[in-house]
Amino acid sequence: MKKIRSLDPVKTANDLWEMCLQHLKQADKQHELYRIFYYDCLPYDKKQHNPVTRKAIDFSKTEQYDFRIRFFEELKKKRKVALRLGVLEDHRRWILKPQKTKDLLSGKIKVKDLTEDDVQYDLVQKRVDIKIGLDIASITLKRQVDQIILISGDSDFVPAAKLARREGIDLILDPMWNRIKPHLFEHIDGLSSKINKP
18 MKKIRSLDPV KTANDLWEMC LQHLKQADKQ HELYRIFYYD CLPYDKKQHN PVTRKAIDFS
78 KTEQYDFRIR FFEELKKKRK VALRLGVLED HRRWILKPQK TKDLLSGKIK VKDLTEDDVQ
138 YDLVQKRVDI KIGLDIASIT LKRQVDQIIL ISGDSDFVPA AKLARREGID LILDPMWNRI
198 KPHLFEHIDG LSSKINKP
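Heads up: the sequence shown at position 12 corresponds to 29 in our numbering, and the numbers run straight through without jumps.
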């Protein structure tokens, strides 16, 4: 498996915390923090065999697994942070990465040219979007906040965003400088990214 860059879970948790706090400083006033909700899934921890090399991989021994577990532990220590974990759906198969599929179909490469990094184990996050929607609906209907900052580039939040805005909540989207789909602009009240533009 490809190694990830050496990431420090403590620094990453601190950077995330600081980025969220920066959103409280706005032109009109200094807002108060209600809570930071962080959505993710526990990393995959089973053993599988790479179909290209037949090499056994224990996902619980990977750098990615170690980083994610330690990162979650750091987030739990942060004040006013709520960790919301979904589940990983295991499709029990390996799939070719999209670019390699294109290369194979176009004849640029042959099956014998594939390497162990050209495939990935097929896992899908589940129950994360529903948790986001339920949290937005809950804090909106209970009138616990007057503004929600959503850090995401995904469009799955649209139904919850519509509810929040109908109820008078100011909804700001921070896509971290990623491009967002044009139709999302009609479902938010503003766009703001607090990290340095890459």
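Even for Gly, the Cβ is constructed at its ideal location relative to N, Cα and C.
Here the structure is a predicted model, which is why all the values come from computation and not from measurement.
- The C-beta of Tyr55 has 16 or more other C-beta atoms within 10 Å across all chains shown, which makes the residue buried.
- In the three-state reduction of the DSSP assignment, Arg160 falls in the coil class.
- Taking Leu131 as reference, the option from Leu50, Thr70, Gln43 with the minimal CA-CA separation is Thr70.
- Rounded to whole angstroms, Lys211 and Phe202 show a C-alpha spacing of 18 Å.
- The beta carbon of Ile112 sits closer than 7 Å to those of Val136, Gln137, Asp139, all from its chain and outside the five residues before and after it, given in chain order.
- Here Lys42 carries a strand assignment [DSSP, helix/strand/coil].
- Given a length threshold of 3 residues, each whole run of the beta strand (DSSP E) inside the stretch 48-124 is given here in chain order: 53-58, 64-66, 73-75, 98-113.
- Here Gly103 is not near Lys63, since their CB atoms are 8 Å or more apart.
- Ranked by how close their Cα comes to the Cα of Ser77, the residues Pro60, Tyr51, Ser123 have Pro60 in first place.
- Scanning its chain for C-beta atoms nearer than 8 Å, with the 5 sequence neighbours on each side dropped, one finds around Asp206 the residues Arg182, Asp187, Leu188, Ile189, in chain order.
- At the C-beta level, Ile74 and Gln65 come within 8 Å of one another.
- With contacts defined as CB atoms closer than 8 Å, Lys179 and Trp194 fail to qualify as a contacting pair.
- In the DSSP assignment, Leu180 falls within the unbroken alpha helix (DSSP H) covering 175-183.
- Within its own chain, the residues whose Cβ lies closer than 6 Å to the Cβ of Glu106, once the five positions on either side in sequence are excluded, are Val141, Lys143, listed in chain order.
- Cα atoms of Arg52 and His200: separation of roughly 28 Å, rounded to the nearest angstrom.
- About 18 Å separates the beta carbon of Gly150 from that of Pro192, a gap too long to meet the 8 Å contact definition.
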